[in-house]
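To start, the structure under review is shown below, and the notes come after it.
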Amino acid sequence: MSREDHDRMGTAELVAGAERRADRMEPRPPDDGQRMDGGQQHPGMRDAQGEPLAALFPPEMSSQFRDRWDQVQIGFVDDPRQAVQQADELVAQVMKSLAGSFADQRARVEQGIGQGGETDTENLRMALRSYRSFFQRLLSL
């Protein structure tokens, strides 16, 4: 792109171009493979034992969140106050979705170990592995 082209571009176009370049430069793990817990695997992200970490959100949900974030950033040019309000709402929605994901996983773990009855060590080990996986995915953010 020539300097003249650059000077003619609006701020939103410049921001979008910079984000596209950053997306190409930042390695994002591919969204492929299924895990037993229903989450998508990220082969590029591994836990301490070398196992792939599952994504916190399905690929389509992550993509929707990213698309909405792009719109928030682009909207900052025209209405900064509204963009900040939308960013707050989007982050709150992501956190709510994350809490829902944790609640679902916790319910599956509790179902696996049984409530109040005899639980063998293997079931407890699997429960701890599930919590460890979720914990490590949170820390990988």
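With the first letter of the sequence shown counted as 1, position 34 gets the number 34 in the UniProt record's numbering; the numbers rise by one all the way through. Note that CB positions come from ideal geometry on N, CA and C, so glycine has one too.
Length of the line joining the Cα atoms of residue i and residue j
i           : j      : result
MET95       : PRO80  : 22 Å
GLN105      : ASP70  : 29 Å
LEU139      : ARG132 : 10 Å
SER130      : VAL109 : 7 Å
LEU128      : PRO59  : 25 Å
MET126      : GLN111 : 12 Å
residue 190 : GLN64  : Absent from the structure is residue 190, since the part of the chain shown begins at 1 and ends at 141.
GLY100      : ALA107 : 11 Å
GLY50       : ARG66  : 28 Å
GLN85       : LEU141 : 23 Å
Limits of the unbroken alpha helix (DSSP H) element including residue i
i      : result
THR121 : 121 to 139
GLY75  : 59 to 75
GLY112 : 80 to 113
Distance between beta carbons of residue j and residue i, contact taken as under 8 Å
i      : j      : result
ARG137 : ALA83  : Their Cβ separation, rounded to whole angstroms, is 29 Å, which puts ARG137 and ALA83 out of contact at 8 Å.
ARG68  : LEU90  : 5 Å
PHE134 : PHE102 : 7 Å
GLU119 : ILE113 : Contrary to the premise, residue 119 reads as Thr rather than Glu in this sequence. Right, their Cβ atoms sit about 5 Å apart.
ALA92  : VAL72  : Actually they do not touch by this definition, with Cβ atoms about 13 Å apart.
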